[in-house]
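This report concerns only the one structure given below.
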Amino acid sequence: AVARTPLIAGNWKMNLDHLQSIAFVQKLAWSLRDAKHDYGQVEVAVFPPFTDLRSVQTLVTADKLELRYGGQDLSVHDSGAYTGETSGAFLAALDCRYVIIGHSERRQYHAETDQVVADKTVAALRHGLVPVICVGETADDLEQHGPSAVPVAQLRVVLEALASDADIVVAYEPVWAIGSGQAATPEQAQQVCSALRQSLDEALGDEAAQRTRILYGGSVKAANIAGFMAHKDVDGALVGGASLDVDEFSSIARFP
Ligand code: PEP
């Protein structure tokens, strides 16, 4: 079996300006250092607003932090007359490792379709970024189609656009569990993550399926992370609300 390094990823959404981001990252780094956190054992990443990324890069570089960071979205285009958009080239120039793509809030408020998510994934890979591809069903989807159908269908559209050596992360985020305080059970998360790994196998082959990390996201906190991580197809977490509290997020990263 391939050993997959767990990834604990904090999605700040539209919170913390560039000055607050510096204070936050400093405190997080101190907390993890005091706990002798081994970043090789559990990778930790933050996803600040675009306007914070230069500050985060400067701090990470100056203090030689092993913390990873990335954008919360990117454009399908590389440059040009696209007002308000952010190129993957710019994220790569700021040493971003990752970029979140297709978060349910982008799908819901910005009408991002599975095809847009696929196009953005290709754009991210073109710039050497690792896309964190978000999929997940609404409460209605769950009622109508059962647990795995919608997230698997969403992922399939993206995988059709990829080569078998694509370096990606998948995040299973049931929409009903995001920001609701109502997390999926670890068993529910495992069931869907396992189905998503099966889709990876079908589309990209066994090597990709075994190597690719699949995260769970939706009301993850320090008190429930261990339950998710005990399941074999859950390789980490995408954390929203709890990623804005240094102590809480640091505890989540120290789940083992
Ligand atoms: C998210 O938005 O990616 C998320 C998982 O949010 P929360 O942890 O607040 O449910």
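Every position in the sequence shown, counted from 1, becomes a number in the UniProt record's numbering once 1 is added. Using N, Cα and C, we set each Cβ at its ideal position, and we do this for glycine too. Predicted model, so just to flag it, every value in this text is computed and none were measured.
Residue i and residue j closer than 8 Å at C-beta
i	j	result
residue 234	residue 200	no
residue 8	residue 237	yes
residue 176	residue 122	no
residue 197	residue 239	no
residue 12	residue 241	yes
residue 132	residue 153	no
residue 244	residue 223	no
residue 59	residue 18	no
residue 249	residue 219	no
Residue i - partner residues in DSSP beta bridges
i	result
residue 44	8
residue 214	170
residue 70	47
residue 237	8
residue 99	71 and 131
residue 136	173
Residue environment, residue i, which counts as buried when at least 16 other CB atoms sit within 10 Å
i	result
residue 257	exposed
residue 214	buried
residue 106	buried
residue 4	exposed
residue 72	buried
residue 42	exposed
residue 125	buried
residue 141	exposed
residue 20	exposed
residue 109	exposed
residue 129	exposed
residue 217	buried
Residue i Cβ short of 7 Å to ligand 1 heavy atom set
i	result
residue 143	no
residue 72	no
residue 179	yes
residue 174	yes
residue 104	yes
residue 47	no
residue 241	yes
residue 170	no
residue 237	no
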